[in-house]
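Colleague: First residue of the sequence shown: 106, per the numbering used here; consecutive thereafter. A virtual CB, placed ideally from N, CA and C, is assigned to each residue, including glycine. Everything numeric in this text was worked out from a predicted model, so none of it was measured.
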Amino acid sequence: MYAHDYLYDCLSVLDSKAQVLLAYDGFLVAAASVVLTVLPGGAGSTSLLVAALVASGVSGALSLMVVSVHWTDTYDLEHPGDIFPRLLEVRNQRTLSYRLSWAIAQVASLLLVAGVLVHLPGW
106 MYAHDYLYDC LSVLDSKAQV LLAYDGFLVA AASVVLTVLP GGAGSTSLLV
156 AALVASGVSG ALSLMVVSVH WTDTYDLEHP GDIFPRLLEV RNQRTLSYRL
206 SWAIAQVASL LLVAGVLVHL PGW
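1) Taking Ala160 as the reference, give the member of Leu127, Leu192 and Pro190 with the closest Cα.
2) Does Arg196 pass the burial test, meaning 16 or more other C-beta atoms within 10 Å, or should it be called exposed?
3) Closest by CA to Leu217, which one among Ile209, Pro190, Ala136 and Ile188?
4) Have a look at Ala219, Ser173 and Leu167 and flag the residue whose alpha-carbon is nearest the alpha-carbon of Leu205.
5) So, helix, strand or coil for Ser150, using DSSP?
6) Going by DSSP in three states, Leu144 sits in which element: helix, strand or coil?
7) Spatial neighbours of Val134 within its chain, please: C-beta separation below 8 Å, excluding the five flanking residues on both sides.
8) Ser214: which of Phe189, Ser202, Gly131 and Leu192 sits nearest, CA to CA?
9) Where does Leu225 fall in DSSP's three states?
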């Protein structure tokens with residue numbers, strides 16, 4: 106029973122972290138969109154900002170894969186020994202998706218900063 110509760114606690118933490126990362130990805134998309142529409146720029150800066158938009162979208166899609174409702178069904182309650190490996194697999198898969206999403210969001214942040222710097226006069 107404690108293992109079941111522990112794994113659900115881990116999944117709850119992952120859900121919370123992924124929701125925050127999803128909001129961060131939304132901020133990156135909004136910022137890149139504003140820079141693309143407000144500041145005139147060349148092909149180099151535009152390609153960096155479009156890459157930031159795409160990376161943010163991919164990161165957001167991975168975050169959505171992490172935020173998922175998983176309930177224990179009747180079979181799991183009847184066979185408590187079988188649920189632990191399944192929940193462990195779910196937790197590991199969501200952890201991997203979250204880590205990949207986080208890394209892609211960081212790349213998107215760098216692309217956004219580089220695109221803004223290239224957009225600025227004198228660069």
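Modeller: For this structure:
1) Leu127
2) buried
3) Ala136
4) Leu167
5) helix
6) coil
7) Leu158, Ser161, Gly162 and Gly165
8) Gly131
9) coil
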